[in-house]
């Protein structure tokens, strides 16, 4: 049956039994394809029936569906003519892992980060009404994303409006790992206490049997419904915000969802539909360990075992080292924003539960909470992905840096992250952190140097400090890290013809480039900068004065990054030798493997070497 589905129009022709059969086929398709490409599996397995019903009831592309985060949009892509491209999922020039307006007319809004859908939806709805257009707007948001402050800002605004808007809560009790906080407990209370929904259904059934009533009777009934709400649940927060609440309903019951969502489509004003689903449904390994199958590399379908190579990552090294440091220092605390496993903090959370804080999808809160802890004498370590750190820029500047508080930022997934694409590339942190006063920025070239940097940052440094490191399995040791001094780099290869100054993960590339250049008769000096702020001015200036040519390497955008800082340093000291900056351009860097992306942008060792040869002979492209 799946092979016959090429657009939402094909879904509308199907009966309920046919939709159930199609749901089963879609799950088989997802498991097969994602096992080969990797991707977000568990969330998509859980949203199959809901996606089918949405496409049956609403008229895409005229109606608009905004998928919060967007990682759960695979089923939507299957139903909108893209199933034959799933072998290219998250590969370079292939199908994106998130909704993309440029990919399909059925994708109305790009997503990738959480908690944005309701804001976008109310924007669509208000634009529609101002232009006197007629279409439905639906935001699909998970209970994890609903913990984000932006979602509450949007609910607060949308609830007081008269614009027709439907918010569908996909409540699977998970974000990546289990949800935390008061909202999670509140939703659990609604899920497990059906009395309110039952009372509402009984009243609605009674109303349907009564003849037409006057206004006084209608108001009396509404008061009765309100009284029951307070007696049974005390309050439904979404109704208090101004939404008409429908639910909770079984997110795998196609008949029930069809009935409720059809009703929601006809209702006026902001509507909130609470749908309960099971993350990973239909694949036992994903059901039992949804956090592993949230975003997973290629795996064996029969066993659920991951196919990728073994080895340590910077995340796992971070997790091990922070535990070692915390054992010696009771003032060390760790903070995560719903990325406990991704950042490597599981062991810390298990060993020091009283000193570990998972605040949910709330990066801004995480940073300012850390500021409060730091000013109170603790040593908070905030572990965030680079792309999510962007959300807490104001808090880093206003609450941490201006007060010069000792907060350690462990910036995971810095640089190219690959398959998740432009919304997740960690290419901007050097640029948006470098101009913040009082902050120190460091970047290790290997695991050994990382361990030394982390120890220094937590135990010896005073004031805010950020350590950025890449995703994936890395070389454990390029060379002995030696002693670490604030703002001091290391010359790791001497040379007389050109200086190559590199930072973080690009130090390994710089050494490879130097080897290639040596075969061409070019003797390159390589500097491991270690720090982006402050720079080692004496080391860099002395090297450039000797070689009279400089290139810089960084896995950040060129604008405002490490190379820009080096240029500023040379300019301030009246040094104007030729300089070339290697980094990423001022454009979205799309999905693909790390190696593919580096080759595409000529950031691999071979391409850099060829460009340096031209640079040496003043024949730059």
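Residue numbers (the working numbering): 1387 to 2007. In this text, a Cβ means the ideal position worked out from N, Cα and C, and glycines have one as well.
Cβ shell of residue i (< 8 Å), same chain only, five flanking positions each side left out
i            : result
residue 1732 : 1705, 1726
residue 1389 : none
residue 1620 : Interpretation of residue 1620 is limited by its pLDDT of 44, a score under 50 that renders its predicted location unreliable; the figure taken from the coordinates is listed afterwards. The answer is none, since no qualifying residue turns up.
residue 1612 : Its pLDDT being 49, under 50, residue 1612 is placed unreliably by the model, and the measurement read from it follows with that caveat. Answer for residue 1612: no residue qualifies.
Where residue i sits in the DSSP three-state scheme
i            : result
residue 1669 : coil
residue 1751 : helix
residue 1552 : strand
residue 1893 : helix
residue 1959 : coil
residue 1653 : coil
residue 1942 : strand
residue 1838 : helix
residue 1425 : strand
residue 1877 : strand
residue 1535 : helix
residue 1706 : helix
residue 1464 : helix
residue 1700 : helix
residue 1809 : coil
residue 1481 : coil
residue 1541 : helix
residue 1936 : strand
residue 1692 : strand
residue 1758 : helix
residue 1674 : helix
Residue span of the beta strand (DSSP E) that contains residue i, given as start and end
i            : result
residue 1914 : 1910-1914
residue 1636 : 1630-1636
residue 1798 : 1794-1798
residue 1510 : Residue 1510 -> not in any beta strand (DSSP E); alpha helix (DSSP H) instead, spanning 1503-1516.
residue 1968 : 1965-1970
residue 1888 : 1884-1888
Whole-angstrom distance between residue j and residue i, CA atom to CA atom
i            : j            : result
residue 1792 : residue 1500 : 28 Å
residue 1863 : residue 1835 : 8 Å
residue 1929 : residue 1983 : 31 Å
residue 2011 : residue 1686 : Past the edges of the chain, shown from 1387 to 2007, lies residue 2011, and the structure says nothing about it.
residue 1873 : residue 1943 : 22 Å
residue 1534 : residue 1847 : 31 Å
residue 1465 : residue 1455 : 19 Å
residue 1477 : residue 1484 : 12 Å
residue 1996 : residue 1933 : 19 Å
residue 1651 : residue 1798 : 42 Å
residue 1492 : residue 1452 : 10 Å
residue 1402 : residue 1439 : 10 Å
residue 1444 : residue 1823 : 50 Å
residue 1473 : residue 1423 : 7 Å
residue 1397 : residue 1391 : 7 Å
residue 1845 : residue 1981 : 36 Å
residue 1394 : residue 1387 : 14 Å
residue 1420 : residue 1988 : 29 Å
residue 1841 : residue 1806 : 31 Å
residue 1543 : residue 1505 : 9 Å
residue 1689 : residue 1771 : 30 Å
Cross-strand partners of residue i (DSSP beta bridge)
i            : result
residue 1643 : Note: residue 1643 sits in no beta bridge, so no partner.
residue 1722 : 1744, 1769
residue 1557 : 1662
residue 1526 : 1453, 1554
residue 1826 : 1851
residue 1859 : 1699
residue 1919 : 1827
residue 1682 : 1425
residue 1801 : 1812
Residue i: first and last residue of the uninterrupted alpha helix (DSSP H) it sits in
i            : result
residue 1657 : Here residue 1657 belongs to no alpha helix (DSSP H); instead the beta strand (DSSP E) covers 1656-1662.
residue 1437 : 1434-1443
residue 1626 : 1623-1626
residue 1930 : 1923-1933
residue 2000 : 1991-2002
residue 1818 : 1815-1820
residue 1985 : 1980-1986
residue 1732 : 1732-1737
Residues of its chain near residue i, where Cβ-Cβ distance is below 6 Å and the 5 sequence neighbours each way are ignored
i            : result
residue 1979 : 1804
residue 1752 : 1721, 1723, 1745, 1768
residue 1638 : 1435
residue 1743 : 1721
residue 1885 : 1911, 1929, 1930, 1933, 1936
residue 1734 : 1708, 1709, 1720, 1742
Close Cβ partners of residue i (< 7 Å) along its chain, the five nearest in sequence each way excluded
i            : result
residue 1412 : 1388, 1434, 1461, 1464
residue 1628 : 1545, 1546, 1656
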